[in-house]
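Under UniProt numbering, the letters of the sequence shown match residues 1 to 602, in that order. C-beta: ideal position from N, C-alpha, C; glycine also. The next block holds one structure in the form of structure tokens; read it before the comments.
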Amino acid sequence: MSGLIQSIRLILLMAGVMFLFSVSAVAQEGLKGKLNDFADQSITNKVSEKEQEEVEKLSTELKTVQAQMDSAITEKQIRDSVFRAEQEIGGVAADGEAKVIDTLAFEERFFSVKKKTPSNTRKEDDWRKKYLFTHTNVYKKVHELDSSKQVFGWHPFWMGTAYKSYNFSLLSTIAYFSYELDPATGAYRTIHDWKTTALVDSAKKYNCDVLLSVTNFGRANNAAFLSNQKAQANFINTLISLLKERDADGVNIDFEQIPGSSRAAFNNFIIDLSSSLKTARKDYRITLAIPALDFDNVYDIPQLNQYIDTYVVMGYEFYGANSKVAGPVAPLGSGNIWWQYNLESAVNEYLTLGIPKSKLLLGLPYYGAEWETYDLRFPSKVKRFVRYPMFRDIRKNHYNSGCCEDDVSKSKFYVYRDSNNDYRQIWYEDSTSLSKKYDWVIENDLGGIGIWALGYDNGYTELWELLATKFALSDKEAIAVAKSRSRYSFRRYLSLAFRVLNNPYMLVRNPRPLFSIFGAIFGLSMGGFFLLYRYGHRLKRVFKLLIKSGITLLIILGIALIFIALQYMGLKEVSYLLGGFVIGVIIFLLFSHRFISEKNLP
């Protein structure tokens with residue numbers, strides 16, 4: 001029995017040693033269990049009274065050790081809890097916070113990053129002066145986009161004349177932001193420079209579609225508009241008029257924070273909008289900006305697919321102005337660091353709901369987010385949000401500073417101590433991180449990418465060069481496409497003619513087609529003059545009369561175009577038209593003089 005007692009004592013000694021070095025509550029609990037089992041087994045053995053007293057004494061010692069272990073475990077749990085609380089208060093460790101899903105804050109951030117105070121007085125050039133846009137360092141090479149992918153970009157009104165530095169050959173669609181909707185009437189509070197901006201003509205020169213973005217932000221505003229059919233009808237009529245006036249190609253609907261109760265009303269609105277636009281012009285496009293997460297199950301995708309040409313997922317603001325933790329604005333993945341929603345999950349969710357890949361574009365940010373934080377490591381708790389810097393600002397101020405990439409989110413970040421000795425973190429996208437996200441879009445065969453916002457890289461060319469690398473054809477492929485297109489030039493002219501007949505007012509706002517029309521008039525006239533001059537004496541009287549009547553009609557049409565030009569166009573364009581007609585008259589007189597003289601001979 002003495003051997004048994006010695007064994008118990010030895011175990012108690014080992015337990016004490018193991019306990020001192022044990023940092024795991026689970027391990028300690030396991031140790032306690034084994035000691036209990038061994039003690040019970042030992043005490044229940046048949047022993048003498050003296051030995052029994054010895055065993056009971058050891059049992060008491062064992063219980064004391066267990067109590068100490070329980071107390072220590074409790075103390076450790078409290079200590080860990082206090083440590084975590086201190087971490088949260090001090091912001092030194094925000095791993096838990098980074099994974100917390102705050103959908104309300106996430107939803108709020110979407111339109112906060114787009115919302116600006118409307119300015120009816122500040123024009124394009126005023127914005128240029130405010131932001132000091134430059135048009136000197138510009139990527140000018142003309143490209144041919146791969147037709148299997150779309151490159152969609154928003155031009156916010158506050159980017160003013162920054163469009164003068166855009167490479168429109170690398171954009172398939174540009175949306176002017178925005179028609180700011182009055183939900184009570186359907187009219188616009190402001191459309192900024194939509195009626196006058198040269199952006200429209202500049203884009204169309206490179207076959208880039210131009211859309212008017214329509215914005216309505218907030219649950220109350222969306223509920224009010226979507227429940228008011230009169231306001232919707234007024235909006236649709238106003239929109240069609242504005243699109244016709246600029247010969248635009250469609251609309252981008254950007255309604256944010258639509259309440260779930262308005263799901264059916266939103267469907268009806270889109271159906272009505274589509275029907276009206278297609279009646280006005282069959283090739284009008286309807287695109288829809290959708291959040292990374294359908295917070296209130298608003299979008300009835302199977303229904304909307306019949307009417308929406310393109311969906312643009314707003315793949316940003318995962319961390320931003322009201323987030324408690326500093327983190328990537330547009331994370332591709334989350335890993336064990338960031339909250340579960342990311343670009344990949346957002347896209348997969350919408351694909352599961354039924355959006356065709358070819359219709360789905362992933363919108364990515366040309367901006368970053370900056371916070372004052374408790375710590376330089378990530379994730380870190382936020383003291384305060386600082387700002388949303390444009391790419392151009394980050395490029396200018398931190399390009400030569402040490403920066404890093406988060407391999408999980410595929411985003412860039414930069415940490416530093418400011419002049420007040422406060423910690424700062426900036427999370428952003430650059431050509432390296434965007435390249436990886438573009439590759440992901442291509443590998444997953446999505447319809448393309450969206451950009452919020454064009455002009456945010458003004459003064460730098462690397463993001464344009466990246467678009468060319470990822471989405472443009474090679475020079476050899478572009479030449480082949482150009483040759484193929486030249487075979488169908490007649491079809492393009494015919495399409496232009498039908499568009500002019502359908503909407504003559506487009507010539508007022510966009511005079512470029514006037515020159516094509518004048519060229520056609522001049523060419524047909526010269527052909528008729530040549531026939532009269534060369535074969536007039538052989539033609540029958542009726543046929544000659546038809547030719548003369550046709551020529552007269554073309555001349556009258558030309559004069560009508562001149563009057564339109566005189567009323568609505570500048571002196572430069574009018575002078576071109578007048579000069580062309582003068583030259584045509586001179587050539588006509590030179591070639592027809594002999595024919596007219598011979599006709600008057602006795």
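Strictly by DSSP, which residues pair up with K381?
Walking along the sequence shown from the start, residue 381 turns up at place 381. DSSP lists V325 as partners of K381.
Among the candidates I586, I426 and P156, whose CA atom is the shortest distance from the CA of D254?
Start at 1 with the first residue of the sequence shown, and residue 254 comes out as number 254. Ranking I586, I426 and P156 by Cα distance to D254 puts P156 first.
Answer yes if the region 294 to 309 comes into contact with the region 263 to 276, meaning at least three C-beta pairs across the two stretches below 8 Å, and no otherwise.
yes
Please go through the same chain and pick out, in chain order, the residues whose beta-carbon is closer than 8 Å to the beta-carbon of S342, but skip the five residues on each side of it.
Within the sequence shown, the letter at position 342 stands for residue 342. The sequence shown places Asn at residue 342, not Ser. Here the set comprises F318, P331, L332, G333, S334 and S409.
What did DSSP end up calling N222 once you bin it into helix, strand or coil?
Translated into the one-based positions of the sequence shown, residue 222 becomes position 222. If DSSP states are grouped into helix, strand and coil, N222 belongs with the helices.
Under the rule that 16 or more other beta-carbon atoms within 10 Å means buried, what is L376, buried or exposed?
Translated into the one-based positions of the sequence shown, residue 376 becomes position 376. Exposed: under 16 other Cβ atoms inside 10 Å.
Proximity below 8 Å, CB of Y428 to CB of I394
To locate residue 428, count along the sequence shown from 1; it is residue 428. To locate residue 394, count along the sequence shown from 1; it is residue 394. It is a contact, given that the beta carbons lie within the stated cut-off.
Using a Cβ-Cβ cut-off of 7 Å (strictly less than) and excluding sequence neighbours within five positions of H192, which residues of its own chain qualify?
As a first step, residue 192 must be located in the sequence shown, where it is residue number 192. Same-chain partners within the cutoff: F157.
Could you tell me whether the region 438 to 449 touches the region 382 to 400, where touching means 3 or more Cβ pairs closer than 8 Å?
no
Would you kindly work out how many angstroms separate the C-alpha atoms of V82 and Q340, rounded to a whole number?
The residue you call residue 82 lines up with position 82 of the sequence shown. The residue you call residue 340 lines up with position 340 of the sequence shown. Because V82 carries a pLDDT of 36, less than 50, the predicted location of this residue cannot be relied on, and the following value inherits that uncertainty. Their backbone Cα atoms lie some 27 Å apart in a straight line.
State the beta-bridge partners of P356 as determined by DSSP.
On the sequence shown, residue 356 is found 356 positions in, with the first residue counted as 1. P356 pairs with nothing; no bridge assigned.
Once DSSP output is grouped into helix, strand and coil, what is the label at D418?
Within the sequence shown, numbered from 1, the residue matching residue 418 stands at position 418. In this structure, D418 counts as coil in the three-state DSSP scheme.
Nearest CA to the CA of R128: which residue from K357, G459 and F413?
As a working note, residue 128 is residue 128 in the sequence shown. Comparing Cα-Cα distances from R128 to each of K357, G459 and F413, the minimum goes to G459.
With a Cβ-Cβ cutoff of 8 Å, do A292 and A203 count as a contact?
Numbered from its first residue, the sequence shown carries residue 292 at position 292. Numbered from its first residue, the sequence shown carries residue 203 at position 203. No, Cβ-Cβ distance for A292 and A203 is not below 8 Å.
Answer yes or no: do L211 and I236 have a C-beta to C-beta separation smaller than 8 Å?
Along the sequence shown, one-based indexing puts residue 211 at 211. Along the sequence shown, one-based indexing puts residue 236 at 236. Their beta carbons are not under 8 Å apart, which means L211 does not touch I236 by this criterion.
State the start and end residues of the unbroken alpha helix (DSSP H) segment that holds Y428.
The count along the sequence shown starts at 1 and reaches residue 428 at position 428. Careful: Y428 lies outside any alpha helix (DSSP H), inside the beta strand (DSSP E) at Y423 to Y428.
Among K483, D247, Y176 and E107, whose alpha-carbon lies nearest the alpha-carbon of G455?
The residue given as residue 455 occupies position 455 in the sequence shown. The candidate whose alpha carbon is nearest that of G455 is Y176.
Could you tell me the boundaries of the alpha helix (DSSP H) in which N334 lies?
By one-based count along the sequence shown, residue 334 stands at place 334. The identity of residue 334 in the sequence shown is Ser, whereas the question assumes Asn. No alpha helix (DSSP H) contains S334, which DSSP labels as neither H nor E.
Looking at V313: is its Cβ nearer than 8 Å to the Cβ of L361?
By one-based count along the sequence shown, residue 313 stands at place 313. By one-based count along the sequence shown, residue 361 stands at place 361. The answer is yes: Cβ separation under 8 Å.
Three-state secondary structure (DSSP) of Q150
Position 150 of the sequence shown holds residue 150. Strand, per DSSP.
Cβ-based neighbour list, E349, same chain, cut-off 8 Å, excluding 5 preceding and 5 following:
Translated into positions along the sequence shown, residue 349 becomes position 349. Same-chain partners within the cutoff: L293 and D294.
According to DSSP, residues forming a beta bridge with M159:
Along the sequence shown, one-based indexing puts residue 159 at 159. DSSP, once it has assigned bridges, lists no residue as partnering M159.
Candidates E107, E180, T136 and V441, of which the one nearest K164 by Cα
Along the sequence shown, read from residue 1 onward, the residue named residue 164 stands at position 164. Closest by alpha carbon: T136.
What span of residues does the alpha helix (DSSP H) with T469 cover, start to end?
Taking the sequence shown and counting its residues from 1, the one referred to as residue 469 is at position 469. Looking at the DSSP string, the run of the alpha helix (DSSP H) that includes T469 is E462 to F471.
Quick check: the Cα distance between R219 and V481, rounded to an integer number of angstroms?
In the sequence shown, residue 219 corresponds to position 219, counting from 1. In the sequence shown, residue 481 corresponds to position 481, counting from 1. Going by the C-alpha atoms only, they are around 47 Å apart.
Closest Cα partner of T432 within the set N421, L467 and Y416:
Taking the first residue of the sequence shown as position 1, residue 432 is located at position 432. Checked all of N421, L467 and Y416; the closest Cα to T432 is L467.
Are V200 and F471 closer than 8 Å when you measure CB to CB?
Counting from 1 along the sequence shown, the entry for residue 200 is found at position 200. Counting from 1 along the sequence shown, the entry for residue 471 is found at position 471. No, the Cβ-Cβ distance between V200 and F471 is not below 8 Å.
Please list, in chain order, all residues of the same chain as I290 whose beta carbon is under 8 Å from its beta carbon, the five residues on each side excluded.
Position 290 of the sequence shown, counted from the first residue, corresponds to residue 290. These residues qualify, in order along the chain: Y299, Y311, V312, V313, M314 and Y350.
I308 and V251 look like a contact to me (Cβ under 8 Å); what is the Cβ gap, rounded to whole Å?
Residue numbering aside, residue 308 sits at position 308 when the sequence shown is read from its first letter. Residue numbering aside, residue 251 sits at position 251 when the sequence shown is read from its first letter. With a Cβ gap of about 11 Å, I308 and V251 do not count as contacting.
Buried or exposed, going by whether 16 or more other CB atoms sit within 10 Å of the CB of S261?
Working through the sequence shown from its first residue, we reach residue 261 at position 261. Classification of S261: exposed, given that the 10 Å Cβ count is below 16.
Where R189 sits in the DSSP three-state scheme:
Here residue 189 refers to the residue found at position 189 when the sequence shown is read from its first residue. Strand at R189.
DSSP on R246, reduced to helix/strand/coil?
The residue given as residue 246 occupies position 246 in the sequence shown. Three-state result, R246: coil.
Using the three-state DSSP reduction, which class does T136 fall into: helix, strand or coil?
Taking the sequence shown and counting its residues from 1, the one referred to as residue 136 is at position 136. Looking at T136 - three-state DSSP - the assignment turns out to be coil, as it is neither helix nor strand.
Buried or exposed by the 16-neighbour rule on C-beta atoms within 10 Å, applied to I240
What you label residue 240 is simply residue 240 of the sequence shown in a count that begins at 1. Buried, because 16 or more other Cβ atoms sit within 10 Å of the Cβ of I240.
Is there a Cβ of chain D sitting closer than 8 Å to that of F152, yes or no?
Going by chain labels, chain D is absent from the structure shown, which holds only one protein chain.
Need the endpoints of the alpha helix (DSSP H) that R392 sits in, please.
Working through the sequence shown from its first residue, we reach residue 392 at position 392. Its alpha helix (DSSP H) spans residues F391 to H398.
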